[in-house]
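In UniProt numbering, the protein residues as written are 1 to 632.
We put the CB at the ideal spot given by N, CA and C, even for glycine.
Structure follows, in structure tokens:
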């Protein structure tokens, strides 16, 4: 049986979870090895490896040096913005992390304290994360460039003992000053005396010296005494990560130390097929969960080399940027968001620039963050000639719920599906009452409790909100908030958020399914379908498409073709009659299209532009398109 390794692993994780996860725990270093896997004493607030003690930073760094591999590259910094590259061996990175941990310690940071990190994509961001973990403290990384109000909300909630930042971030068309935002955020949070450590970068106006008591990174590092790793319980928190687009009180996902290290280490070998000496490039940001798991912690836990990239998929300088990074660093696995692939395809539809680079080192392309539409899947598969693996997970889960585990089995890949559930995830698709639905029937995707190691343990300071937000909708289950279906082979197809299900004259329809159809048109680079309020039918779908560069088609002709495609593939019941060509769609910096915001604008409802938006100007451009469409 081709899938025996996967099937055996998955079934054992459900039937013998203690044995499965204790075996996985043996692959990392413990100061006190655990004898117990699952702690159900506070169910539904579960814990993993409660009697174990360890340090995540030690596991990511020191143990590889101790094993004689200190000379291997641990981190490669590639800045397309500056045109520079820098390599750090495991020994060098360990020494820098230990020294910065000493800096933090000298300013009062200790076990259990919080450190807010507000940094661009530079090596010091990863160093600050690992140094915080080295002390047994808890980091909370906030995406560099967030507005002061949003940063203040996170500072207020996490109550940090220190803030680590840099002069600013560099975008293709601008430089973003960070220090004024940090000063304003601390004032708004009512904590202006919090110690602030600043990594100076050239080309920015504000300096640490402009603020009384703020500290310069280099000066502090020169005077610091390196700090040794501090043991923590496996169940102690490693970091808080605030979910994107929060309004009101922030929702801080809490990740533990032991369970996270065990789970990530398992995924590196079994999902990504990455081991010591391999090179993994995750084209994301340390402000997102993907950056936490697979820029910083995952590759380093595995003893691999990780690439930290400061740049964009296009415009730094062109749509060949990704292929250049693969060539320069002999990347074995690339992990990126579908939106990046669509941006490259829009700018270079035939991937002509790929011919300029040797990408033969690449074994696999992984995608996550949004559904990988079938058209982009086939395009990437064709131009790269390697397996393209969609996988599905969330900020809350920390690693893939569903994937195609390349290190376990070469399972068939199905376009449009993130494949099958990973060990520990008891995945079901249920109706509104919590009853299982048949294969091929769309419903709510839920996960049976307990969740596996590495997933969220609670929300920061608010167990009650964790239960009400995720566990109350379906008894005994974690509600993912996504809808989808499983086919006859057990493969999952994620169609969208449950609030992207629209009701057209009593028919429940998935806007995600319509988007899959629109995305198959050769002229469409990316698209969104939203449900508009309709006095007769309740809701009706409306499509918005961005064209690929160089296509020659009128909006009227394209509209007719797309409407016909939806009618053919979904049926007249969809009542799909409206398509608009737009210059861009509003997205978060992680690539998620803001469909809910679009729908609120179209329906004339009050809306809040999420702090995570990539370009707020796109919203202004769309107002004139969305509101007339709603009135038709």
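query, result
"Given a cut-off of 9 Å, decide if residue 371 and residue 390 are closer than it, judged by their beta-carbon atoms.", "yes"
"Within the UniProt domain \"AMP-binding enzyme C-terminal\" (514-592), note down every full beta strand (DSSP E) run reaching 3 residues or more, in order along the chain.", "524-534, 538-547 and 579-581"
"Measuring only between beta-carbons, confirm whether residue 341 sits less than 9 Å from chain B.", "In the displayed structure, chain B is absent; only one protein chain is listed."
"Please look up how many angstroms separate the CB atoms of residue 320 and residue 375, rounded, as I've assumed it's under 8 Å.", "21 Å between Cβ atoms; not a contact."
"Quick one: grab the DSSP three-state call for residue 119.", "strand"
"Compare the beta carbon distance of residue 238 and residue 56 with 9 Å and say whether it is the shorter of the two.", "yes"
"Between which residues of its own chain and residue 215 is the CB-CB distance below 6 Å, once the five residues before and five after are set aside?", "197"
"Residue 273 by DSSP, collapsed to three states: which one?", "coil"
"What are the boundary residues of the alpha helix (DSSP H) that includes residue 384?", "374-384"
"Using the DSSP secondary-structure output, state which residues sit across from residue 421 in a beta bridge.", "402"
"How many Å lie between residue 67 and residue 26 at the Cα?", "16 Å"
"For residue 192, which three-state DSSP category applies?", "coil"
"Compute the beta-carbon to beta-carbon distance between residue 263 and residue 335, rounded to the nearest angstrom, for a pair I have assumed lies under 8 Å.", "The pair is not a contact, with the Cβ atoms about 16 Å apart (cut-off 8 Å)."
"Measure how close the beta-carbons of residue 447 and residue 477 come, nearest whole angstrom, since I'm counting them as under 8 Å.", "6 Å"
"Excluding sequence positions up to five away, which residues of its chain have a Cβ less than 8 Å from the Cβ of residue 625?", "544, 580 and 582"
"Quick one, are the C-beta atoms of residue 306 and residue 128 less than 9 Å apart?", "no"
"Please say whether residue 261 and residue 294 have beta carbons closer to each other than 9 Å?", "no"
"Can you check which of these residues, 618, 616 and 500, is closest to residue 596 by C-alpha distance?", "500"
"Locate the alpha helix (DSSP H) running through residue 343, then write down its first and last residues.", "338-347"
"Taking its Cβ as the centre, do 16 or more other Cβ atoms sit within 10 Å of residue 79, making it buried, or is it exposed?", "buried"
"Can you tell me whether residue 443 is buried or exposed, with buried defined as 16 or more other CB within 10 angstroms of its CB?", "buried"
"According to DSSP, simplified to helix, strand and coil, what is residue 365?", "strand"
"Please go through the same chain and pick out, in chain order, the residues whose beta-carbon is closer than 6 Å to the beta-carbon of residue 267, but skip the five residues on each side of it.", "399"
"Counting along the chain, where does the alpha helix (DSSP H) carrying residue 139 start and finish?", "Where residue 139 is concerned, there is no enclosing alpha helix (DSSP H), although the beta strand (DSSP E) it sits in stretches over 138-143."
"Run through the DSSP bridge pairs and tell me what residue 296 is partnered with.", "None, per the DSSP bridge assignment."
"Suppose only complete runs of 3+ residues qualify. What are the beta strand (DSSP E) ranges in the stretch 429-477, listed by chain order?", "443-448"
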